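Take a look at the structure set out below.
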Amino acid sequence: MNRVAMEGKVLSENERAATELRAEFARHGVFAVNLIGSPGSGKTALLERTLESFDPSRRVAILTGDIQTDADAQRLSRYGFPARQITTAGACHLDARMVRRALEGLDLAAIDLLFIENVGNLVCPTSYDLGEAHKIVLLSVTEGEEKPLKYPGIFFKADLMALTKVDLLPYVPFQASVAEANARSIHPDIAIVRVSSLLKTGLDDWLEWIDRHATAIATV
Amino acid sequence: MHEVALAGSILEAVRAEALTRKPARPVKVGVRIGEMAGIDPDSLAFCFEALVQGTELEPLELEIEPGSADELEFCYLELEPT
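These protein sequence lines are chains E and V, in that order.
Residue numbers 6 to 225, in our numbering, belong to the letters of the first sequence in order.
Residue numbers -6 to 75, in our numbering, belong to the letters of the second sequence in order.
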């Protein structure tokens, strides 16, 4: 028996595609973020409030992933910015090749900010780099404070956690401080914002985080 | 859920590596998976076995070693001279 060393990442094909995407985003000064959260955690709603708040001159585009239907792209295209649907036909995550395909024909030079809304899932999207600058995890207050401990991977990799639906806090047995402490026990430096897309609260903190990090990219 | 895709990626890489090592045949592949990688080792082992069945690589074995953080890397390939 002969044992040889084998090196490299298991997802090397995705890694290659993601590295190319990242280089392309850098070349065109595109700040890309990858939004990850359970189905129903409020990813699309948060994006709706975000787009609504933007000046029409803002150079932003959205890719939104789902297993089926273009319902989300329809919802998101109402705000006058290019929104494209990626239907994965069963796959539980987006991969870098899907993103590359979805971007075909879109002029990246005309875009400064790209939101990629992943398929609703706290597990699988964690493993797939999409060339984004940051992963952002959404946790809604109807899900339970222990989610960061149960699904540590995404809380470890995300740079920002958006605690969503905080308007429901008075009605659910969810302690925001416990959820936040749990997230920090996995990832001490994770930034946290509390938002309600329904009441439009906390959006300033969210937008400030996005703008601050987008600026950091633009000036590199 | 995405363990099937991962198992497929592992097999692709083994096939590519085996081509360069002919005529020896691969019998075991080792990977390292960290706790934060979001991979269930049991599920990956199950998917891997299912995908190998009926292919020229059967009975290829998969060994999963614990890795650090979100590591998801290959470590070795065992070959048998033919």
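Virtual Cβ for every residue (Gly too), placed ideally from N, Cα, C.
As the structure is a computational prediction, the values presented were derived from the model and not from experiment.
According to DSSP, residue pairing for Val24(V) in a beta bridge involves Ile57(V) and Phe67(V).
Taking C-beta atoms as the reference points, Ala101(E) and Ala22(E) count as a pair closer than 7 angstroms. Exposure of Tyr176(E) is indicated by the presence of fewer than 16 other C-beta atoms within 10 angstroms of its C-beta. Ala76(E) sits exposed, since fewer than 16 C-beta atoms from the chains shown fall within 10 Å of its C-beta.
Counting along the chain, the unbroken beta strand (DSSP E) around Ile67(E) starts and ends at Val65 to Asp71. According to the DSSP secondary-structure assignment, Leu72(V) is paired through a beta bridge with Asn7(E) and Pro19(V). A straight line joining the alpha-carbon of Gly45(E) with that of Gly125(E) spans about 7 angstroms.
Bounds of the alpha helix (DSSP H) holding Leu4(V) are Glu(-4) to Leu12.
Counting the other CB atoms within 10 Å of its CB gives Leu12(V) a total below 16, which places it among the exposed residues. Under the 8 angstroms Cβ criterion, the region 116 to 131 of chain E counts as touching the region 42 to 57 of chain E, having at least three qualifying pairs. The C-alpha of Ser201(E) lies about 10 angstroms from the C-alpha of Leu174(E). About 20 angstroms separates the Cβ atoms of Thr169(E) and Leu68(E), ruling out a contact at the 8 angstroms cut-off. Excluding its 5 nearest sequence neighbours in each direction, Ala0(V) has C-beta neighbours in its own chain below 7 angstroms: Leu37, Cys40, Phe41 and Leu44, listed in chain order. Less than 7 angstroms separates the beta-carbon of Ala107(E) from that of Arg89(E). Within chain V, no C-beta atom comes nearer than 8 angstroms to that of Lys48(E); the closest sits roughly 18 angstroms away.
In the DSSP assignment, His33(E) falls within the alpha helix (DSSP H) that extends over Ser17 to His33. Taking the beta carbon of Asp63(V) as reference, the chain E residues within 9 angstroms of it are Thr131, Ser132, Gly158, Phe161 and Lys162, listed in sequence order. Residues of the region 14 to 44 of chain E with a Cβ closer than 9 angstroms to any Cβ of chain V, in chain order: Lys14, Val15, Leu16, Ser17, Glu18 and Asn19. For Glu12(E), the C-beta contacts it makes with chain V under 7 angstroms involve Phe67, in order along the chain. Taken in chain order, the unbroken stretches of alpha helix (DSSP H) that lie wholly in the region 70 to 119 of chain E and span 4 residues or more are 76 to 81 and 101 to 108. Interface criterion not met: the Cβ of Asn123(E) is under 7 angstroms from no Cβ in chain V.
Within the DSSP secondary-structure output, Arg54(E) pairs in no beta bridge.
Assignment of Thr169(E) by DSSP, reduced to helix, strand and coil, places it in the strand class.
As the crow flies, the alpha-carbon of His33(E) is around 39 angstroms from that of Pro34(V). For Ala66(E), the closest C-alpha among the options Leu16(E), Leu113(E), Phe179(E) and Thr93(E) is that of Leu113(E).
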